[in-house]
Amino acid sequence: MDMTIHQALHQTVLKLLRPLVRVLINHGVSQDAFAELSRQAYVKEGFAHMASRGKRATVSGVAALTGLSRKEVKRLNEADGDALGAEGHRRNKAIRVISGWMHDPDFQATAEPAKLAIEGDGPCFAELVKRYSGDITPVAMLSLLQDSGNVSVDNGYVTLEKKAFIPMATPLDRLNILGTDAGELIETIGHNMMAVPESRLFQRKVSNALVHKDALSEFRELSNQRSQELLEEYDAWLSRHEVQDESEAAYVAVGIYYVEHTEQEITP
51 MDMTIHQALH
61 QTVLKLLRPL
71 VRVLINHGVS
81 QDAFAELSRQ
91 AYVKEGFAHM
101 ASRGKRATVS
111 GVAALTGLSR
121 KEVKRLNEAD
131 GDALGAEGHR
141 RNKAIRVISG
151 WMHDPDFQAT
161 AEPAKLAIEG
171 DGPCFAELVK
181 RYSGDITPVA
191 MLSLLQDSGN
201 VSVDNGYVTL
211 EKKAFIPMAT
221 PLDRLNILGT
231 DAGELIETIG
241 HNMMAVPESR
251 LFQRKVSNAL
261 VHKDALSEFR
271 ELSNQRSQEL
281 LEEYDAWLSR
291 HEVQDESEAA
301 YVAVGIYYVE
311 HTEQEITP
């Protein structure tokens with residue numbers, strides 16, 4: 051019998067939820083807490099759904115759309131659902147600082163990121179941070195980049211050691227990556243499901259289920275190197291098209307991920 055759209059969606063949601071629930075269980079988050087977050091997500095998206103269709107977004111309308119009571123909709127709409135917002139802000143600023151260091155001629159030496167004095171006249175780390183992070187102090191940014199392994203400090207000079215910012219110093223950093231990057235991937239897939247062909251976004255992957263286990267480390271190294279090179283090329287292009295006026299700015303991102311399974315997943 052052909053599978054209905056709802057049946058297919060139910061199976062898809064389970065595939066999405068299992069790795070997420072694995073993370074939640076590992077961090078002691080109960081099903082009740084997850085259910086509360088699910089209700090809040092329904093409410094936030096309910097308001098956004100109505101607004102995107104030119105309708106007046108009301109508590110009653112969202113209640114009808116989501117199946118929640120008006121009282122629940124009102125309560126959940128007033129709740130703070132962006133506890134990781136500050137971590138995301140720090141992450142974006144750090145990415146901008148590294149990108150500026152790599153592409154701004156003022157902070158380069160022979161087309162490579164220069165070793166910068168922490169402070170001083172002319173190009174220095176403090177000036178780099180001021181130019182590209184704005185509201186984060188040089189001391190705070192230096193600490194963040196040291197924790198992530200991106201920079202080293204020696205005799206008052208800062209050296210860029212890693213061009214990719216992958217913050218792993220705190221659980222909040224890691225959880226923010228999970229929420230932001232996984233959310234963006236799902237957003238792209240969801241858009242492509244509804245959009246006409248000419249408006250679809252790029253979404254591709256390569257996979258092979260018959261790769262010899264002994265070859266995995268070689269491919270992992272190859273994919274890391276080539277992916278990093280491609281992302282640096284994209285980053286350089288984006289840096290050349292930045293604007294100072296935020297009212298004219300748009301957000302864009304391209305992500306690459308790697309995953310491997312050496313054993314078949316056991317599904318109970």
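When you read off a place in the sequence shown, starting at 1, and then add 50, the result is the number in my numbering. Heads up, the beta-carbon is just placed ideally off N, CA and C, and yes, glycines get one too.
With 16 other Cβ atoms within 10 Å as the buried cut-off, status of residue i
i      : result
Met244 : exposed
Leu195 : buried
Ser183 : buried
Thr312 : exposed
Leu166 : buried
Leu66  : exposed
Asn205 : exposed
Leu260 : exposed
Asn200 : buried
Ser149 : buried
Ala98  : exposed
Asn226 : buried
Bridge partner(s) assigned by DSSP for residue i
i      : result
Leu204 : As written in the sequence, residue 204 is Asp, which differs from the Leu given in the question. Looking at the DSSP assignment, Asp204 forms a beta bridge with Tyr207.
Leu166 : Val208
Beta carbon proximity, residue i to chain B, threshold 7 Å
i      : result
Val123 : Note that chain B does not occur in the displayed structure, where there is just one protein chain.
Residue i: first and last residue of the uninterrupted alpha helix (DSSP H) it sits in
i      : result
Pro155 : That residue, Pro155, is in no alpha helix (DSSP H); it is neither H nor E in DSSP.
Ser102 : 81 to 102
Thr187 : Segment: none, Thr187 is in no alpha helix (DSSP H) and carries neither H nor E.
Ala113 : 109 to 116
Val179 : 175 to 182
Glu122 : 120 to 127
DSSP state of residue i mapped onto helix, strand, coil
i      : result
Leu194 : helix
Glu237 : helix
Gln15  : The structure shown has nothing for residue 15, since the chain only spans 51 to 318.
His56  : helix
Val304 : coil
Val73  : helix
Pro266 : Reading off the sequence, residue 266 comes out as Leu, not Pro. Of the three classes helix, strand and coil, the one that applies to Leu266 here is helix, per DSSP.
Glu310 : coil
Gln275 : helix
Gln61  : helix
Arg68  : helix
Asp231 : helix
Leu281 : helix
Val256 : coil
Val261 : coil
Leu288 : helix
Lys143 : helix
Arg224 : helix
Gly150 : helix
Exercise for the section: Answer yes if the segment 226 to 244 comes into contact with the segment 291 to 310, meaning at least three C-beta pairs across the two stretches below 8 Å, and no otherwise. Expected result: yes
Handout entry: Segment contact, 8 Å Cβ cut-off, at least three pairs: the segment 105 to 119 with the segment 69 to 76
Key = no
Exercise for the section: Pair every Cβ in the segment 111 to 131 with every Cβ in the segment 81 to 97, then say whether three or more of these pairs are closer than 8 Å. Expected result: yes
Practice task
Would you check if the segment 246 to 262 and the segment 287 to 299 touch, i.e. whether three or more CB-CB distances between them fall below 8 Å?
Solution key: no
Problem - the segment 110 to 119 in contact with the segment 142 to 158 per 3-pair CB rule at 8 Å - result: no
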